[in-house]
Structure formats: C-alpha cells, structure tokens
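This note's numbering runs 108 ahead of the 1-based position in the sequence shown.
Read through the structure below, which is laid out as structure tokens, and then see the notes.
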Amino acid sequence: MSKQTVLGRVTQLARANIHALLDQAEDPQKMIDQLIRDYTAHIGEAQEAVSVTIGNLRMLEQDHREDVDAAAEWGRKALAASRKADELRAAGDAPEADTFDNLARVALERQLQAEREAKDAEPVIAAQNEVVGKLTSGLEQMKRKLSELQSRRDQLVARSRTAQAQNQMLDAAKNVDVLDPTSDLGRFEEKVRREEARALGRQELAASSLDAQFERLDALGDTAEVEARLTALKSGA
Numbered sequence: 109m110s111k112q113t114v115l116g117r118v119t120q121l122a123r124a125n126i127h128a129l130l131d132q133a134e135d136p137q138k139m140i141d142q143l144i145r146d147y148t149a150h151i152g153e154a155q156e157a158v159s160v161t162i163g164n165l166r167m168l169e170q171d172h173r174e175d176v177d178a179a180a181e182w183g184r185k186a187l188a189a190s191r192k193a194d195e196l197r198a199a200g201d202a203p204e205a206d207t208f209d210n211l212a213r214v215a216l217e218r219q220l221q222a223e224r225e226a227k228d229a230e231p232v233i234a235a236q237n238e239v240v241g242k243l244t245s246g247l248e249q250m251k252r253k254l255s256e257l258q259s260r261r262d263q264l265v266a267r268s269r270t271a272q273a274q275n276q277m278l279d280a281a282k283n284v285d286v287l288d289p290t291s292d293l294g295r296f297e298e299k300v301r302r303e304e305a306r307a308l309g310r311q312e313l314a315a316s317s318l319d320a321q322f323e324r325l326d327a328l329g330d331t332a333e334v335e336a337r338l339t340a341l342k343s344g345a
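This is how it looks when you write it as structure tokens:
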C-alpha cells in the first residue's frame, strides 16, 4: 500500500462522522456493533500500513547515516593515501607515490558519490517524516473516535430504543382514539336516544288512538240522548 493510499485512508476514517452513519440504521445496536468491528479492523489495517511506512523511513534514515559515515570514511582514506604519497615522493619513490595519489583520487571519488547520495536522500526523508507525522496523528484520531463510540454505545442504543417506542406510541394513537374515551359512549347514547324517541312516538300514537275512541264514545252518547229526547217529545211527556 503506497503512502498516498495509506494517508488517504487514515484521513478519511479519522474525519468520518460516526453519528451520521447511524441515521439510516434500522437496528442501531447491531449497526453500532458492526461499526465498532469495521472501525477496529480499519484501524488495524491502517496501523499495519503506517508501521511499514515508518519502517521504510527508518531504512532511508539508516542508509543516509551510512552514506554520511561512508563519505567521512572515504575522506579519511583519501587524506591518508595523499600523505603517504607525499612521504614516498619526498623519499624519492615517485612511482609508489603516484600509486598512493591514485588511491587518494579513488577515495575522493567514493566520498563525492556518498555525499551526493546522502544529499539526494535528505528531501525524501523530510517528506517521509511529514507523511509519518500525518499518519500517526490520523491514527490517534481514529483511536479516539473508536473509544468515543465504544463508551457511548449503550447511551446511543438506549436513546434509539426510546425514540422508537415513542414513535410506536404515536403511530398507535393515530389508529385508536385514546384522547377521547367518550366517543364510543357518545355513539351508544345517540342510539339510546333514538330508541327513546321511537318509544315516545309509539306512546303518542297509542294515546291519539285512545282519545279518538273516547271521542267516538262521547259522540255515540250524544246521539242516544238526542233520540231519547225525541221519543219523549213524541209521547207528549
């Protein structure tokens, strides 16, 4: 895994909004438990990749130290070979002196090469140190977020369950008129009133028929009285 990929992964996870991930959760407890497992696995993967990155940095630093030490060592060898050549030349042994001068030149070339390699590695090491710093910081953020999620797990689950219970109660209230328990009694009372009205109507109807019968009886009585008086008149009484 390249350092760019590692840095992007760690940065993305470190900035992740844990609470936003729970918005669409049908079962918050299972969602949180799975989130903890996934987040822990991601941290493990990122931590392993960061360890590799740090290991590569340490190797670069070690190579740099070796190049610096090598440059210094080749410098000492070049100096020793040059002094030996001067001693031999002073003693009149020019051919051997030239040999040591050539050794000094070879040592100086090696010194120059080591210095160049050390210098070329310095900006790479600086950049790698910056990446490692960001990765380490990102990992620390991830660990803090994981700790926060673990510590608040029970609280979030309890809140979610409470909210679900409230929503279920409100949904039930829409279907059952629990706010007006007299509504059914009102409908029954209306039925009783209709029955009472019906009974009153029948009573009035019965009373009306009885009055008519008595009126008819009274009429018959008047007719009999008239006939009786007519008979009396005819008999001269």
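Glycine included, every Cβ here is placed at the ideal spot set by N, Cα and C.
Comparing alpha-carbon positions, the option among S190, N210, T244, R260 lying closest to V160 turns out to be T244. Cβ-Cβ distances below 8 Å link W182 to A215, L216, R218, Q219, A222 in the same chain, with the five nearest sequence neighbours on each side left out; the list follows chain order.
Counting only the Cα atoms, E204 lies some 34 Å from R173. In the three-state DSSP reduction, G309 falls in the helix class (H, G or I).
Straight-line spacing of the CA atoms in S255 and A234 works out to 32 Å.
The residues E204, A205, in chain order, have a CB closer than 6 Å to that of L196 in the same chain once the five nearest residues on each side in sequence are set aside. Note that the C-beta distance between A226 and V176 is below 9 Å. Classified as buried, M250 has 16 or more neighbouring CB atoms from the shown chains inside 10 Å of its CB. A199 carries a coil assignment under DSSP once its states are collapsed to helix, strand and coil. Inter-residue distance for K192 and G200 is about 12 Å (C-alpha atoms, whole angstroms).
Closest by C-alpha distance to D228, out of Q311, R302, L168, is L168. Close CB contacts of D194 within its chain, under the 8 Å cut and outside five residues either way in sequence, are with A205 (chain order).
With fewer than 16 neighbouring CB atoms inside 10 Å of its own CB, Q276 falls in the exposed class.
In this structure, Q236 sits near L165, with a CB-CB distance shorter than 9 Å.
Straight-line measurement puts the Cα of A178 at about 12 Å from the Cα of Q170.
Inter-residue distance for D209 and P231 is about 35 Å (C-alpha atoms, whole angstroms). Excluding five sequence positions before and after I162, the CB atoms of its chain that fall closer than 7 Å to its own CB belong to V240, given in chain order. In this structure, the beta-carbon distance from I144 to L247 does not fall below 9 Å. Here A340 is exposed: its Cβ has fewer than 16 other Cβ atoms, across all protein chains shown, within 10 Å. Non-local C-beta neighbours of A186 in its own chain, meaning closer than 7 Å and more than five positions away in sequence, comprise A212, A215, L216, Q219, ordered along the chain.
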